[in-house]
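In terms of my numbering, the sequence shown opens at residue -13 and continues consecutively. Just so it is clear, CB atoms sit at the ideal spot from N, CA and C, and this is done for glycine as well. Keep in mind that this is a model prediction, so the values were computed, not measured. Contents: one structure, followed by commentary.
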Amino acid sequence: MKKNKAAILSVMLCFFAMGFVDLVGIASNYVKEDLQLTDSVANIFPSLVFFWFLLFSVPTGMLMNRIGRKNTVLISLGVTVLSLLLPLFGENFPIMLASFSLLGIGNAIMQTSLNPLVTTVMGNDNNLASTLTFGQFIKAIASFLAPYLAMWGATAVIPSAGLDWRVLFAIYLTVGVIATLVLWSTRIQEENAEGKASSFTGCFKLLAQPIILLSFIGIMCHVGIDVGTNTTAPKLLIERLGMTLNEAAFATSLYFIFRTIGCFTGSFFLRILKARTFFIISVVMMALSMLGMCIGSEKWILFAAIALVGYGNSNIFSICFANAMQALPQQQNEVSGLMIMGLFGGTVFPLLMGFASDAMGQLGAVLVMSVGVIYLFSYIRKL
């Protein structure tokens, strides 16, 4: 299929908008400080964001069969824009709950529909994992910019329009509107929907196939570690090194810098290495990271551990997702819905980590993430 450059550009801009969801890590830390919340209460915010993946992912896969992938992505962008608008009116608990809920709903719809749209624009070939990884690279740019934008807003001599760190929402709101208009105005030729409409029962029956179920759990672990590191890394530096929140916010950026590097280089390595080989390298890096975060008490050890998990975790999603999509090429919309439902791990892990860290400090949170790394080792034999 001849690739439409305008379509590729619009899709990659949507991947950037997909990265807005990762602002939840640094945002929850600022909300915790501003509203004087405990770890377990503050971790409700990232958990709430990813809770909606459980409810909306499979219905979105079914919706794509009816209205098409592009239209579904446009709906997701509209919900995301609304979620970014709310915090500009205030920072009380109900507003932030509503904002993070809408952010989660919009991102659940977007991640379910945008990844299949890539196969429409680029063609479904053996480089799907590499193409999805490049999209994750674009997404990661938005992710690692978020802490810097929040820090800039929080420390500016003249707070931007009185928004302090929430200037982050205003900037991403602008980009979200642009992404919506660009995709809406871009012509993308989609294949006709599959012959029969899918059902909830039919979608969930796909989990009976081992590769689908194991990939689903793998994605749960990936996003649990991703959101967990996003929220725990600054707390780890505050606890072990005595940093302030604004100083420790760099940890989130460090994670996303190396995740961005991992996505960019991964799009190359996945073309020249077997996916299994690169997956093993990635998981070993994550295991070393967990060890460093468990025992590290010096800055260089903790920074190295955060960098390792950032790089190691950067390609896990793409490999698991591509494995599942290629296993059932005729049911990609339904498989995509199930895989994205696995992002519900972003709810499960932070909740468990919040209780563990309240009980035994940030070591408890790291131990919870380590369980996910152990599972990923078991997934290697299925690649």
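T251: member of the alpha helix (DSSP H) spanning F236 to I258, first to last residue. Around L(-1), the same chain offers A165 and V168 as residues with beta carbons nearer than 6 Å, after the five sequence neighbours per side are excluded. In the three-state reduction of the DSSP assignment, T230 falls in the coil class, being assigned neither a helical nor a strand state.
Restricting attention to P133, A219, G210 and A128, the CA atom closest to the CA of M327 is found in G210.
By the criterion of a C-beta distance shorter than 6 Å, S322 is surrounded in its chain by G47, T98, N101 and P102, once the five residues flanking it on both sides are discounted.
Proximity to F6 across E77, L88 and F37 peaks at L88, based on C-alpha coordinates. It is roughly 39 Å from the alpha-carbon of T141 to the alpha-carbon of I305. Only exposed fits T187, as fewer than 16 other CB atoms lie within 10 angstroms of its CB. If you draw a straight line from the Cα of V104 to the Cα of L118, it comes to about 8 Å. For the pair T106 and Q175, the Cα-to-Cα distance works out to about 8 Å. Between A351 and S364 the beta-carbon gap is near 22 Å, outside 8 Å, which marks them as no contact.
Secondary structure remark: continuous beta strand (DSSP E) runs of at least 3 residues inside the stretch 3 to 59: none found. Between L63 and Y158, the C-beta gap is not smaller than 8 Å, which leaves the two residues out of contact. For L314, same chain residues with a beta-carbon under 6 Å away, outside a window of 5 residues either side, are V321 in chain order. Taken in chain order, the whole alpha helix (DSSP H) runs of length 4 or more contained in the stretch 322 to 359 are 331 to 346. Annotation for P102: the continuous alpha helix (DSSP H) segment containing it runs F79 to M108.
The three-state reading of DSSP puts E320 in helix, counting H, G and I together. Ranked by Cα distance from A293, the first of M311, L135 and G248 is G248. Secondary structure of R152 (DSSP, three-state): helix. R173 carries a coil assignment under DSSP once its states are collapsed to helix, strand and coil. Between P73 and I81 a beta carbon distance of about 6 Å is seen, short of the 8 Å cut, so the two are scored as contacting. S283 is the residue among I287, L135 and S283 whose C-alpha sits nearest the C-alpha of G228.
In the DSSP assignment, I267 falls within the unbroken alpha helix (DSSP H) covering A261 to I281. With contacts defined as CB atoms closer than 8 Å, P133 and A235 qualify as a contacting pair. Taking a cut-off of 8 Å for Cβ pairs, the stretch 38 to 45 and the stretch 218 to 227 do not touch, as fewer than three such pairs fall below it. One thing to note: K368 has its Cβ no nearer than 8 Å to the Cβ of L154. Boundaries for G76: no alpha helix (DSSP H) harbours it, and the DSSP string shows neither H nor E there. Going by beta carbons, F36 and L329 fall inside the 8 Å limit.
With a contact defined as Cβ atoms closer than 8 Å, F307 and I205 qualify at about 7 Å. The DSSP-derived three-state label of S129 is helix.
In the DSSP assignment, N299 falls outside any alpha helix (DSSP H) and carries neither an H nor an E. Looking at the backbone, the Cα of M276 and that of L288 are separated by about 10 Å. For K191, the uninterrupted alpha helix (DSSP H) run begins and ends at F186 to K191, by DSSP. In the structure shown, L362 adopts helical secondary structure according to DSSP, grouped into three states. Short of 8 Å from the beta carbon of F250, and not among the five residues preceding or following it, lie these beta carbons of its own chain, in chain order: F120 and F123.
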